[in-house]
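S.K.:
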Amino acid sequence: MRGILSAAGYVPYRRLARSDVREFMGSGGGKGTRAVASHDEDSTTLGVEAARLALRSAPGHTPDSVWFATSVPAYLDKTNATAIAAALRLPGDVGAYDFGGALRSGVGCLIAALRGGGTSLVVAGDMRDGLPTSADESAGGDAGAALLIGDGPDVLAELVSTASATAEFTDRWRAPGDRTSKLWEERFGENRYLALGQDALVRALKLAGLETSDVGRLVVTGMHGRAVTGIVKKLGVGEPVVADDFVASVGQSGTAHPLLVLAGALETMAAAGTPAGTTVVLLHLADGADAVVLRTTGALAAWRPSRPVAEQVANGASLPYAKFLAWRGQLQPEPPRRPEPARVSSTAAYRNEEWKFGFVGSKDRSSGAVHLPPSRVSMDGGAVDDMEPVAMADAAGTVVTSTIDRLAYSPSPPIVFAVVDFDGGGRYPVELTDVDPDEIRAGSRVEMTFRRLFSADGIHDYFWKARPVRRGVARRGEEV
Amino acid sequence: MASHGIYDRVAIVGMGCTKFAELWDKGLDDLIVDASTDAFASAGVSKEDVDAYWFGTAQSGMSGITLARPLQLQNKPVTRVENYCTTGSEALRGAVYAVASGAYDVAMAVGAEKVKDSGFQGLNAMNPPGDGTARTLTAAAMFSMVAPAYGQKYGVDEETMADVLASIAVKNHHNGARNPRAQFRREITKETALGSPRLAGTLGVFDCAGVADGAAAAIVVRAEDALRYTDKPIYIKALALAAGSGSGLIDPGYDYTHFPECEAAAADAYAQAGITDPRRQLAMAEVHDCFTPTELVLMEDLGFAPRGTAWKEVLAGTFDLDGDLPINPDGGLKSFGHPVGASGLRMFFECWLQMRGEAPADRQIATTDRGLAMTHNLGGYPGEMVSFVSVVGNRPG
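Here the protein sequences line up with chains C and G, keeping their order.
Residues in the first sequence are numbered consecutively from 1, following the working numbering.
Residues in the second sequence are numbered consecutively from 1001, following the working numbering.
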C-alpha cells in the first residue's frame, strides 16, 4: 500500500490583519489575516519546520529522498533541499532535490512521489509577496508543508489515482529576480481553470471508478481565488466535504498551499475519527490542473499529528503593517549603526555541519556534561575525545536569565537573548525569536527553531534560535 | 609547578599617558608618539636606551612594526600582544618578565587603541571567519544579565539595584571630573544616570564605559637599578593572569553573579604579594568597570566585600575617593574612557600618580601610606573572560 505516511504544516507565528493595509494605505487589504514569515525565516526554514513536524509524527520511517518545492528559493544553482536534509540530520545517502520556481512544482512534487517508489519526504515552503495594496499582498501567505510518502501498512491515506491537465497560457507570471507577480485579466484565467480543473478531476475520479458524490473530503487550491471558489461551486459537493483552505487565516502559500491544506484536512479527519475508505481528493490549479485521489486507511484515526495546522493558526500574534513592509523589503527603516556581519565561511560551516544545521552538541561519556557547541576536551574532568554526539534540536528548555540588546546588529532590532538550560542537561545562551521583548523572564519555556540569521555576499547564515513554547502548541505528550 | 611571582624584582621608572577622548585629529601613530615621548621623558631615557618593547593593541594594528615605525625603532625586539581588554596589562607583563629574567636591562610597554576611526559607536570586534553560529551580542547585553541575577540571588530589589548601579556611575564621574586626561569630565547625578536611554537589559548609557582613543606607556628596569632613573619608583609586587575556558557559558552551574576568572587572578596576585586582607592592605584599586554591574561584582570577586554585601558598601560610600578603599580614583573606564589596548597601562598610570603623591590635589587619595595599589582588567564576557590583576607598591619590601 503506497500513500501518505505523515503530513504536517508549519504556519509562522506572525499575522497581518488585512484590514491594517487599508488603515495604513487608504486602500487594499480585505478581511481576515495572512501568515507572515519572521524576518529570520525563508522558504527553506519554513520547509524545515514543517518537515521536522512531519517526521516527528511518523516514527520509524526515514526518507530516502527529500524533494523541496518553492517559488522563492533562497539559492539558485545551489540546492536548497540539502540544507533541509542537514537540519533534519538525514544521512548522506538520502537524495535531496529542488523543484524550482513555478507554483505548480509543489503539487508536481507530491504526484511524482506518490507515483514513484521508495520513501520520499516532499517539502514545500513559500513566501508570497505583492506590491502594497495589491490583491496578492493580502491574499498571499507564508507557510511550509511536508508530506512523507511511501509504502507500508501504516499509510494514512493510500493513492488511488491521479490525473493532470496541462495547458500553456499566461495568467500569472514573474520575471527572475522580481518578488511580485503580474496578472492577465482575471476572467481569462478563471475561464481556463474552471475547464482544466473539471477535466482533471473527472478523469482522476473515472480512473478510480468513483463519482463526484463519492468524495468524502475535497481540497481545492490555487492562486486564482475566483477559479478555486468557482470550481468548488460547480462540483456541487456539500459544505462539510470541502476542507478549510486556510485562505482566510494563512493566505495562499503558493507551492506549499496544496500540501498545507491536505495536511490540515488529514489532521481534522484523524481527530474526527474518520473511518477507513473515505475518499479524499486534492485538486490544485496552476498552469493547468492536477487531481489526486486518495483513500483513508484504518491508520488515520489512530494518527496523532504532533502540532496540527489548525492549532498553529489559532496561536498566531499580530504584526503591524509597517513591520510587515519592512520585513519584506518594501519599506526600508534606518539600519542599526553597527557593522554588518561578515559572510559565513563556507569551509567552517562545512566542518561544523552537525552543529550549525543539526544543533548537535557533544556529551562527555564519563561526566555526562553537555557541550554546545561540541568540544573535544571535556569542561568537566578534562577527558579528551571521549564524547558522543547529543542532538539538542528537539529538546525544550527553561530560561535562566535574559536580556534585550538594543545595540547589536540585527535585521530587526532589538535582539532578545536568553541563557537556556535544556531539559535533560546542557546550557546554551541563545537568541530568541517569535517573541515580544517583554514576554520573556526567568522560568519561561522555550524550544529550538531553525532560522536564517542574516545573509552576506549572498550566503545565508542558517542556525538555530529559541522561541517560546506557546500554550496549546506544545508537542505531543507535553503538558500545556 | 607554582606561580612564584617576581616580587620587588622589577620597578616602573617612567610613564606616559595621553588624554583619552574622541581624538578626531590624532591617529594611532600620534597616540603612540605622544605616550612614548612622555614616558621616555618621565624616565629620563631615550628610545635607544630601551632594550626591548612590548606593544599592546587589540585591533588597531598588527605586529611590532605598528610600534617600531612611528617611533622609528631600529631593529629592536618589538612584540605585539593582544588579550582582549587586558591587552595593555599584557604588554607590561611581557616587559616586566623580560627584565626579571635578566634578558634585558630596560624594557618598555606601550598600549594604544584608535577606536574612533570605525565610524560606529561602541567597540566592534573584528572576528576571524567562522561558521556563523557565534553570538553577535554586545558586551553590554552580556553584562546586563549580571544585575538581575545578582539582585535575585541576594534579595536586592530592582529599585535598590538601580540606585546601587547609579551610585557607581556617579562616583566614577565624580573622580573623572577631577582628571584632566579623562574623556568625561562632568559630574552626574543619580537622576541623570537613572534617566539615560536603555541600551541593553536595564543598562543605560551611564552604565557603560566611555569609548575613546588613547595610549599609555611604561618603562621598567630591575628594581636595584630603579633609583638611577627616579627617586620614586613603583615596584611590581604581583602580576597574575587567568584565561577562562569559556565553560561558564555552557555550564548550568554558573549563575552570572561572579567572575571566576577574576577570583582566580586575584588569588594568584594576593599570594604573590603576600596580601591577606586586601580591603585594608590596599591603598586603592583600579578595576575594570566596563559596566556598572561589573564593578559591583568585582568588589566581591577581588575580596573587598563579602559575597552579597558589596551593594551595601557601594551605598555607604566605601569605594568613594574619600572612602575606606578608593576604587577607580581616575574615573575608571566609565569616565576615563576605554581605548582597549591602552586601558591596562592607564590603570598603572593612575597608581603611578597616586602612589607617588602626584595626582591632582582634588583627587589625591589619603590612603597611600598603606603602600600597595591594585590594577585589574577583564576582557570577554561573563562565562568566558580573561582577567588580569597586578599589585604594585611605592616602596620595596
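Beta carbons are placed, not taken as given, at the ideal position from N, Cα and C, and that holds for glycine.
Would you say ALA466/C lies against chain G (beta-carbon separation less than 9 angstroms)?
M.R.: Not one chain G Cβ lies under 9 angstroms of ALA466/C.
S.K.: Short of 7 angstroms Cβ to Cβ, which residues in the segment 221-245 of chain C face chain G?
M.R.: For the segment 221-245 of chain C, which is checked against every Cβ of chain G, not one residue is closer than 7 angstroms.
S.K.: So within the segment 227-270 of chain C, which uninterrupted alpha helix (DSSP H) runs reach at least 4 residues, ignoring any that extend past its ends?
M.R.: Listed in chain order, there is nothing to give.
S.K.: For ALA310/C, which residues from the same chain have a beta carbon less than 8 angstroms from its beta carbon, with the 5 sequence-adjacent residues on both sides left out?
M.R.: The residues are ASP244, GLY264, GLU267, THR268.
S.K.: Mind pulling the alpha helix (DSSP H) runs of 4 or more residues that sit fully within the segment 40-96 of chain C?
M.R.: If we require 4 residues or more, the alpha helix (DSSP H) runs fully inside the segment 40-96 of chain C come out as 43-56, 81-87.
S.K.: Just the Cα atoms here: how many angstroms apart are PRO1129/G and ASP461/C?
M.R.: The straight-line gap from Cα to Cα measures roughly 13 angstroms.
S.K.: Cα-Cα, which of GLU1261/G, ASP1362/G, TYR1235/G, ALA1238/G is closest to SER1245/G?
M.R.: Among GLU1261/G, ASP1362/G, TYR1235/G, ALA1238/G, the Cα nearest to that of SER1245/G is on GLU1261/G.
S.K.: Run through DSSP, which three-state label would CYS109/C get?
M.R.: Three-state DSSP puts CYS109/C in a helix.
S.K.: Measuring alpha carbon to alpha carbon, tell me which residue in LEU407/C, VAL48/C, ALA383/C is nearest GLN1121/G.
M.R.: When each option's Cα is compared against that of GLN1121/G, the closest is LEU407/C.
S.K.: Closer than 7 angstroms between beta carbons: that is the criterion. Which residues of the segment 1137-1152 of chain G meet it against chain C?
M.R.: Cβ contacts with chain C: LEU1137, THR1138, ALA1140, ALA1141, SER1144, MET1145, PRO1148, ALA1149.
S.K.: Is there a Cβ of chain C sitting closer than 9 angstroms to that of ASP1008/G, yes or no?
M.R.: Not closer than 9 angstroms to any Cβ of chain C, the Cβ of ASP1008/G fails to qualify, so no.
S.K.: Relative to the alpha-carbon of ALA1166/G, which residue among GLY1151/G, LYS1153/G, PHE1206/G has its alpha-carbon at the smallest distance?
M.R.: Of the candidates GLY1151/G, LYS1153/G, PHE1206/G, the one whose C-alpha sits nearest the C-alpha of ALA1166/G is PHE1206/G.
S.K.: Bridge partners of ASP129/C, per DSSP?
M.R.: Answer by DSSP bridge pairing, in chain order: THR180/C.
S.K.: Any C-beta of chain G within less than 9 angstroms: which residues of the segment 406-417 of chain C qualify?
M.R.: Per Cβ criterion, the list reads ARG406, LEU407, ALA408, TYR409, SER410, PRO414, ILE415, PHE417.
S.K.: Can you tell me which of the three DSSP states TYR1270/G falls into?
M.R.: If DSSP states are grouped into helix, strand and coil, TYR1270/G belongs with the helices.
S.K.: Could you tell me the distance, in whole angstroms, from the CA atom of GLY117/C to the CA atom of LEU282/C?
M.R.: So the two alpha carbons sit approximately 20 angstroms from each other.
S.K.: I'd like the list of long-range same chain contacts for SER481/C, defined as Cβ closer than 8 angstroms, with 5 residues on each side in sequence excluded.
M.R.: Any question about residue 481/C goes unanswered here, given that chain C covers just 1 to 480.
S.K.: Taking the alpha helix (DSSP H) that ILE404/C belongs to, which residues open and close that run?
M.R.: Premise fails: ILE404/C lies in the beta strand (DSSP E), 397-405, not in any alpha helix (DSSP H).
S.K.: Using a 10 Å radius around the Cβ and a threshold of 16 neighbouring Cβ atoms, would you call PHE169/C buried or exposed?
M.R.: Exposed: under 16 other Cβ atoms inside 10 Å.
S.K.: With a CB to CB cut of under 6 angstroms and the five nearest residues on each side skipped, what residues in its chain are close to LEU1296/G?
M.R.: If we look at LEU1296/G and ignore the five residues flanking it on each side, its Cβ neighbours are ALA1310.
S.K.: Identify whether ARG217/C lies in helix, strand or coil by the three-state DSSP scheme.
M.R.: Strand.
S.K.: Kindly identify the DSSP beta-bridge partner or partners of PRO429/C.
M.R.: Bridge partners of PRO429/C: VAL419/C.
S.K.: Report buried or exposed for PHE990/G, applying the criterion of at least 16 other Cβ atoms within 10 angstroms of its Cβ.
M.R.: Outside the modelled stretch of chain G, which goes from 1001 to 1397, sits residue 990/G, for which no answer is possible.
S.K.: Could you name each continuous beta strand (DSSP E) segment of 3 residues or more that falls completely within the segment 1159-1206 of chain G, going from the start of the chain to the end?
M.R.: With a minimum length of 3 residues, the continuous beta strand (DSSP E) runs that stay inside the segment 1159-1206 of chain G are 1198-1200.
S.K.: Residues of chain C with CB closer than 8 angstroms to the CB of GLY1122/G, please, in chain order.
M.R.: ARG338, LEU407, listed in chain order.
S.K.: Please report the straight-line C-alpha distance between THR125/C and GLY106/C, rounded to a whole angstrom.
M.R.: A small correction: the amino acid at residue 125/C is Gly; Thr does not occupy that position in the sequence shown. Cα to Cα, the separation comes out at about 9 angstroms.
S.K.: Going by C-alpha distance, which of ALA383/C, ALA83/C, ALA418/C is nearest VAL399/C?
M.R.: Taking only the C-alpha atoms, the option nearest VAL399/C is ALA418/C.
S.K.: Mind checking which residues open and close the alpha helix (DSSP H) that includes GLU311/C?
M.R.: Its alpha helix (DSSP H) spans residues 309-314.
S.K.: At 3 residues or longer, and completely inside the segment 281-353 of chain C: list those beta strand (DSSP E) runs for me, N to C.
M.R.: Runs of the beta strand (DSSP E) inside the segment 281-353 of chain C: 288-296.
S.K.: On a Cα-Cα basis, can you pick out the residue from TYR1053/G, ALA1103/G, THR1160/G, ASP1131/G that is closest to PRO373/C?
M.R.: The candidate whose alpha carbon is nearest that of PRO373/C is ASP1131/G.
S.K.: Helix, strand or coil for LYS1114/G, going by three-state DSSP, please let me know.
M.R.: If DSSP states are grouped into helix, strand and coil, LYS1114/G belongs with coil.
S.K.: Under 9 angstroms between the Cβ atoms of ALA1140/G and ASP405/C?
M.R.: Yes, the pair counts as a contact, with Cβ atoms nearer than the cut-off.
S.K.: Throw me the rounded Cβ distance for the GLY288/C and LEU194/C pair, which I believe falls under 8 angstroms.
M.R.: Contact doesn't hold; Cβ gap of about 12 angstroms is too wide.
S.K.: Across which residues does DSSP place SER455/C in a beta bridge pair?
M.R.: HIS460/C, per the DSSP bridge assignment.
S.K.: Mind checking if GLY1016/G is an interface residue toward chain C, Cβ cutoff 9 angstroms exclusive?
M.R.: It does not; no Cβ of chain C falls within 9 angstroms.
S.K.: What is the residue span of the alpha helix (DSSP H) that GLU1350/G lies within?
M.R.: Here the alpha helix (DSSP H) through GLU1350/G covers 1340-1355.
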